[in-house]
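K.L.:
Note that the protein sequences, when read in sequence, are chains A and B. Each residue of the first sequence is one higher than the last, beginning at 0 in numbering that gives the first Met the number 0. Each residue of the second sequence is one higher than the last, beginning at 0 in numbering that gives the first Met the number 0. One structure, pasted below without further comment.
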Amino acid sequence: MQTERLFDRIESIQFKGITKKYGEGFAVKELDLEIIGGELLILIGPSGSGKTTTLRMINRMIEQDEGSVTINGIDTKDADPVRLRRNIGYVIQNIGLFPHMTIRENIGLVPKIEKQNKKDIEERVKTLLDFVSLPPEMFMNRYPKQLSGGQQQRVGLARAMAMDPPLFLMDEPFGALDPILRKQLQKEFLKIKNEINRTIVFVTHDIEEALVLGDRIAIMDQGELVQVGPPEELIFNPANELVADIVDNQRKFKHMDTLKVKDLMSPFEDKYVLEAKMEACDAVDEMTDRDLETAFVFEGDELLGQVEIVDLMKCRDRGEKLSELAKPIKTFQPMDSVAFALSEMKNSGEYLAIVMNSKHPVGILVSDEVLLKLI
Amino acid sequence: MLSIQVIADVWDRHLITMRTIEHLHMFSIALILSIIIGVSVGVFIYMKPKTANPVLNFLNIVETIPDLALIVLLLPILKLGAGPTIAACVLYSILPIARNTYTGLKSVDEQYTYVAQAIGLSPREALMKVRIPMSLPLIAGGIRIALVFCMGVVTLGGLVAAGGLGTVLQNGIQLYQKDAILVAGLWTGLLAVLLDGFAGMIEKKLHERYGTW
Numbered sequence: 000m001q002t003e004r005l006f007d008r009i010e011s012i013q014f015k016g017i018t019k020k021y022g023e024g025f026a027v028k029e030l031d032l033e034i035i036g037g038e039l040l041i042l043i044g045p046s047g048s049g050k051t052t053t054l055r056m057i058n059r060m061i062e063q064d065e066g067s068v069t070i071n072g073i074d075t076k077d078a079d080p081v082r083l084r085r086n087i088g089y090v091i092q093n094i095g096l097f098p099h100m101t102i103r104e105n106i107g108l109v110p111k112i113e114k115q116n117k118k119d120i121e122e123r124v125k126t127l128l129d130f131v132s133l134p135p136e137m138f139m140n141r142y143p144k145q146l147s148g149g150q151q152q153r154v155g156l157a158r159a160m161a162m163d164p165p166l167f168l169m170d171e172p173f174g175a176l177d178p179i180l181r182k183q184l185q186k187e188f189l190k191i192k193n194e195i196n197r198t199i200v201f202v203t204h205d206i207e208e209a210l211v212l213g214d215r216i217a218i219m220d221q222g223e224l225v226q227v228g229p230p231e232e233l234i235f236n237p238a239n240e241l242v243a244d245i246v247d248n249q250r251k252f253k254h255m256d257t258l259k260v261k262d263l264m265s266p267f268e269d270k271y272v273l274e275a276k277m278e279a280c281d282a283v284d285e286m287t288d289r290d291l292e293t294a295f296v297f298e299g300d301e302l303l304g305q306v307e308i309v310d311l312m313k314c315r316d317r318g319e320k321l322s323e324l325a326k327p328i329k330t331f332q333p334m335d336s337v338a339f340a341l342s343e344m345k346n347s348g349e350y351l352a353i354v355m356n357s358k359h360p361v362g363i364l365v366s367d368e369v370l371l372k373l374i
Numbered sequence: 000m001l002s003i004q005v006i007a008d009v010w011d012r013h014l015i016t017m018r019t020i021e022h023l024h025m026f027s028i029a030l031i032l033s034i035i036i037g038v039s040v041g042v043f044i045y046m047k048p049k050t051a052n053p054v055l056n057f058l059n060i061v062e063t064i065p066d067l068a069l070i071v072l073l074l075p076i077l078k079l080g081a082g083p084t085i086a087a088c089v090l091y092s093i094l095p096i097a098r099n100t101y102t103g104l105k106s107v108d109e110q111y112t113y114v115a116q117a118i119g120l121s122p123r124e125a126l127m128k129v130r131i132p133m134s135l136p137l138i139a140g141g142i143r144i145a146l147v148f149c150m151g152v153v154t155l156g157g158l159v160a161a162g163g164l165g166t167v168l169q170n171g172i173q174l175y176q177k178d179a180i181l182v183a184g185l186w187t188g189l190l191a192v193l194l195d196g197f198a199g200m201i202e203k204k205l206h207e208r209y210g211t212w
């Protein structure tokens with residue numbers, strides 16, 4: 000019953016003369032693109048640019064009208080679509096998990112259909128949950144609605160890895176999350192990506208995400224490929240106005256020296272605040288409800304530090320208070336220079352800092368890998 | 000009025016224990032057949048959408064035939080006994096079950112089928128593992144309606160020698176025994192209420208399990 004694998008690793012994926020029509024218009028027009036094995040290629044562009052259509056033609060969820068897509072020289076048209084898709088991990092934003100299945104069933108779905116041994120599936124599910132920093136015993140038997148958005152997205156990633164595919168397709172996986180959470184998951188995803196070392200095609204509309212994650216970025220507009228290259232190339236040698244606009248919409252790279260912390264920070268919200276006397280277990284539930292990966296611990300008006308849900312889940316049952324667990328966090332003033340703040344954060348290996356206006360928190364500064372590279 | 004003595008007496012004289020077993024026997028066969036046929040018809044018209052309207056319209060017409068008339072119409076084909084009664088139950092129950100199955104399958108968000116296929120499920124697996132389970136609360140609702148229909152129709156079966164509690168009622172009317180009519184009537188009603196309550200509980204459980212997206 001087990002389907003044979005179509006490929007164990009990706010040498011290259013080639014789009015040749017791909018055209019897809021929708022009624023009168025073109026979703027994708029005469030696209031030529033090569034994806035190199037092992038890279039993370041970002042597809043980005045305005046809505047209607049054809050980026051999602053392009054992604055979906057790789058696993059034949061959309062069939063092209065003209066041209067060919069080949070993986071390792073095999074035309075996807077010659078491959079059985081079900082077999083092809085079981086060899087490709089797929090992550091989609093938001094609604095991806097099946098609500099009537101537990102986390103264990105969601106992740107183990109395809110292995111179960113492939114009639115893998117029950118014990119092996121169980122082991123695999125546990126390993127994968129550990130891998131995405133969700134303690135298996137806590138999460139295996141929950142339903143998706145009992146998880147926060149960030150946790151669901153991690154499970155989605157774990158499910159995509161269930162069959163250990165050499166290729167991943169990611170369709171705006173972090174699109175539905177709030178900006179801070181998105182940055183945190185991106186950072187974690189980057190770590191995972193380096194560990195698993197697979198070929199990934201990633202659709203997004205968020206240029207920051209593209210610049211942080213992408214080995215190469217393909218910019219599409221109205222069904223055509225405008226430019227493809229590594230982030231630095233797009234920043235310094237944009238092919239046209241559109242690319243320049245997309246890549247540096249806030250013009251922050253051009254004016255980096257004058258950029259202030261207040262220009263880059265996200266606004267501070269009350270939901271990030273936890274009381275110092277709260278216990279770790281309660282904080283885990285509270286943070287799940289509020290969909291937070293990180294929270295800031297305050298005693299009255301005084302900032303004690305930050306806690307991450309990943310750490311809190313480890314020290315369950317010990318009844319520790321957040322005041323004992325809070326890790327120190329850097330604070331900056333709104334008028335500090337970004338270059339200064341980011342290099343400070345880089346030196347201490349932190350990726351979050353709080354922006355304080357005299358005594359009050361006003362913003363959260365997330366380290367920006369792309370800016371850091373350029374400093 | 001009805002003393003325990005009277006109830007026990009009627010119960011013994013009219014073999015109500017045996018009649019109840021007959022009654023529930025016919026009822027379960029009819030319900031199981033209805034579920035199998037109804038769900039299959041629902042899935043079929045979902046997969047072949049062009050057939051949905053004609054099939055549902057036809058079932059609607061069947062539904063408008065009065066139950067007694069339907070049983071009598073079936074008599075020449077299926078002879079006296081439990082046959083026509085069970086067949087009538089099934090004919091009535093296909094519509095609510097098929098209609099709810101069809102509506103349930105249609106109301107599952109397309110996105111779930113999309114994801115199921117994108118991660119490598121065949122269309123058939125996507126239907127079995129995702130679409131049908133997610134439709135279960137609505138399917139259960141249809142079965143519950145069918146259950147109430149069937150309780151009524153099975154009781155009518157007494158008129159055509161099908162056995163069951165209808166026979167007791169029938170005898171009571173023929174012999175003008177008020178006690179028998181009252182006991183059998185109340186008991187049949189109570190059974191229907193209990194079964195419906197039980198079905199309601201299952202439906203609620205399915206809602207909690209499958210219907211909360």
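C-beta: ideal position from N, C-alpha, C; glycine also.
Go through the segment 119-193 of chain A residue by residue and report every complete run of the beta strand (DSSP E) that reaches 3 residues or more, in order.
P.N.:
With a minimum length of 3 residues, the continuous beta strand (DSSP E) runs that stay inside the segment 119-193 of chain A are 166-170.
K.L.:
How big is the Cα-Cα spacing for A:Glu298 and A:Lys276?
P.N.:
Straight-line Cα distance between these residues: approximately 8 Å.
K.L.:
Pull the bridge partners of A:Met312 from the DSSP assignment, please.
P.N.:
DSSP lists no partner for A:Met312.
K.L.:
What is the rounded straight-line gap between the Cα of A:Gly16 and the Cα of A:Ala26?
P.N.:
If you take the alpha carbons of A:Gly16 and A:Ala26, they lie about 13 Å apart.
K.L.:
Would you mind listing the beta strand (DSSP E) stretches within the segment 328-359 of chain A that are 3+ residues and don't spill past its ends, in chain order?
P.N.:
Entirely contained in the segment 328-359 of chain A, the beta strand (DSSP E) runs reaching 3 residues are, in chain order, 329-331, 351-356.
K.L.:
At least one CB of chain B closer than 8 Å to the CB of A:Leu108: is that the case?
P.N.:
Yes, A:Leu108 counts as interfacial toward chain B.
K.L.:
What residues from chain B crowd round A:Val81, counting only those whose CB sits closer than 7 Å?
P.N.:
In chain order: Gly119, Ser121.
K.L.:
By how many angstroms is the C-alpha of B:Ile96 removed from the C-alpha of B:Ser33?
P.N.:
Answer to the nearest angstrom: the Cα atoms are 8 Å apart.
K.L.:
Checking 8 Å against the spacing of the C-beta atoms, do B:Gly66 and B:Tyr91 come in under that value?
P.N.:
The amino acid at residue 66 of chain B is misidentified as Gly; the sequence shows Asp. Cβ atoms of B:Asp66 and B:Tyr91: closer than 8 Å.
K.L.:
Look up B:Met127 in the DSSP assignment and say whether it is helix, strand or coil.
P.N.:
Correct three-state label for B:Met127: helix.
K.L.:
Hey, could you find the ends of the alpha helix (DSSP H) A:Lys21 is sitting in?
P.N.:
The amino acid at residue 21 of chain A is misidentified as Lys; the sequence shows Tyr. Run containing A:Tyr21: none in the alpha helix (DSSP H); it sits in the beta strand (DSSP E), 11-21.
K.L.:
Which residues in chain B have a C-beta closer than 9 Å to the C-beta of A:Tyr271? List them in chain order.
P.N.:
The premise fails here: A:Tyr271 is roughly 29 Å from chain B at the closest Cβ pair, so nothing lies under 9 Å.
K.L.:
Over what stretch of residues does the beta strand (DSSP E) that includes A:Leu303 continue unbroken?
P.N.:
Per DSSP, A:Leu303 belongs to the beta strand (DSSP E) from 301-307.
K.L.:
Within this structure, are the beta carbons of A:Lys182 and A:Val354 separated by less than 8 Å?
P.N.:
The answer is no: Cβ separation not under 8 Å.
K.L.:
Give me the Cα-Cα distance between A:Glu232 and A:Asp244, rounded to the nearest whole angstrom.
P.N.:
Their Cα atoms are separated by approximately 14 Å.
K.L.:
Should A:Met169 be flagged as near chain B, meaning a C-beta pair shorter than 8 Å?
P.N.:
Taking Cβ atoms only, chain B never reaches closer than 8 Å to A:Met169, which makes this a no.
K.L.:
Determine the direct distance from the alpha carbon of B:Leu174 to that of B:Thr154, and round the result to whole angstroms.
P.N.:
Going from the Cα of B:Thr154 to the Cα of B:Leu174 covers about 18 Å.
K.L.:
Report buried or exposed for A:Val306, applying the criterion of at least 16 other Cβ atoms within 10 angstroms of its Cβ.
P.N.:
The residue is buried, with at least 16 neighbouring Cβ atoms inside 10 Å.
K.L.:
Considering only the alpha carbon of each residue, which of A:Gly304, A:Gly174, A:Gly36, A:Thr51 lies closest to A:Asp220?
P.N.:
Nearest of A:Gly304, A:Gly174, A:Gly36, A:Thr51 to A:Asp220, Cα basis: A:Thr51.
K.L.:
If you reduce the DSSP assignment to three classes, tell me which class A:Ser48 lands in.
P.N.:
It is coil, neither helix nor strand.
K.L.:
Closest Cβ-Cβ distance between B:Met133 and chain A: below 8 Å?
P.N.:
True, the Cβ-Cβ gap to chain A drops below 8 Å.
K.L.:
Compare the C-beta of B:Ile201 with all C-beta atoms of chain A and state if any pair is closer than 8 Å.
P.N.:
No, no contact with chain A.
K.L.:
Apart from the five residues just before and just after A:Met264, which ones in its own chain have a Cβ nearer than 7 Å to its Cβ?
P.N.:
Cβ within range, chain order: Val354, Gly362, Ile363, Leu364.
K.L.:
Helix, strand or coil: which one does DSSP assign to A:Gly24?
P.N.:
Three-state DSSP puts A:Gly24 in a strand.
K.L.:
Would you mind stating whether B:Ala198 and B:Arg143 have Cβ atoms separated by less than 8 Å?
P.N.:
Yes. Within cutoff.
K.L.:
Of all Cβ atoms in chain B, is any one closer than 8 Å to the Cβ of A:His99?
P.N.:
Yes - at least one Cβ of chain B is within 8 Å of the one on A:His99.
K.L.:
Please report how far the alpha carbon of B:Ser121 lies from the alpha carbon of A:Val81, in whole angstroms.
P.N.:
If you take the alpha carbons of B:Ser121 and A:Val81, they lie about 6 Å apart.
K.L.:
Given a threshold of 16 other Cβ atoms within 10 Å of its Cβ, counted over all protein chains shown, does A:Ser201 qualify as buried or as exposed?
P.N.:
As written in the sequence, residue 201 of chain A is Phe, which differs from the Ser given in the question. Buried.
K.L.:
Relative to the C-alpha of B:Leu94, which residue among B:Pro75, B:Asn56, B:Asp108 is closest?
P.N.:
Per the Cα distances, B:Asn56.
K.L.:
Considering only their Cβ atoms, is the gap separating A:Asp214 from A:Pro229 smaller than 8 Å?
P.N.:
In contact: A:Pro229 and A:Asp214 (Cβ atoms closer than 8 Å).
K.L.:
Is any heavy atom in the ligand SAM found nearer than 7 Å to the beta carbon of A:Glu298?
P.N.:
As presented, the structure is devoid of all ligands, the ligand SAM included, so that no description of it is given.
K.L.:
Kindly indicate which three-state DSSP category A:Thr198 falls into: helix, strand or coil?
P.N.:
Here A:Thr198 sits in strand by DSSP.
K.L.:
According to DSSP, is A:Leu273 part of a helix, a strand, or is it coil?
P.N.:
Correct three-state label for A:Leu273: strand.
K.L.:
Candidates A:Leu303, A:Ser11, A:Phe331: which alpha carbon is nearest A:Leu320's?
P.N.:
Looking at the sequence shown, residue 320 of chain A is not Leu but Lys. Nearest C-alpha to A:Lys320: A:Leu303.
K.L.:
Between B:Val129 and A:Phe97, is the Cβ-Cβ spacing less than 8 Å?
P.N.:
Against a cut-off of 8 Å, the Cβ pair of A:Phe97 and B:Val129 comes out as a contact.
K.L.:
Would you say B:Tyr111 faces chain A, with C-beta separation under 8 Å as the test?
P.N.:
For B:Tyr111, the answer is yes, since a Cβ of chain A falls inside 8 Å of its Cβ.
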